[in-house]
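Residue numbers (my numbering): 4 to 103.
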């Protein structure tokens with residue numbers, strides 16, 4: 004992915020993510036995507052915390068939030084890997100959390 008393509012992706016991604024429209028967000032993901040996050044394990048009770056496939060990711064995001072802020076005020080960074088222009092894997096990395 005070159006810089007122009009990355010910028011175009013980032014613009015579409017931001018618009019689609021902020022729309023909170025799950026179909027728009029998932030359009031960026033490959034059918035065989037994997038996504039890992041400590042929050043997935045916490046919310047689903049699945050210790051692996053890694054949905055495999057777009058349908059599993061949809062199921063998680065249907066129960067989990069779609070927001071750049073995490074549920075307890077912490078910083079969240081997503082690391083994404085691409086095949087062509089679709090996301091094939093991702094990881095939600097959580098930084099410091101706000102005092103509760």
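Ideal placement from N, C-alpha and C gives every residue a C-beta, glycine not left out.
- When rounded, the separation of the alpha-carbon atoms in residue 38 and residue 58 is 12 Å.
- Measuring C-alpha to C-alpha distances from residue 88 to each of 32, 63, 79 and 62 identifies 32 as the nearest.
- Our two residues, residue 24 and residue 30, have alpha carbons roughly 10 Å apart in a direct line.
- Annotation for residue 19: 27, 28, 30 and 31 place their beta carbon closer than 8 Å to its own, counting only its chain and skipping 5 residues before and after.
- Shortest Cα-Cα distance from residue 46 to any of 36, 34 and 63 involves 63.
- Following the DSSP letters along the chain, one finds residue 10 inside the alpha helix (DSSP H) bounded by residues 6 to 22.
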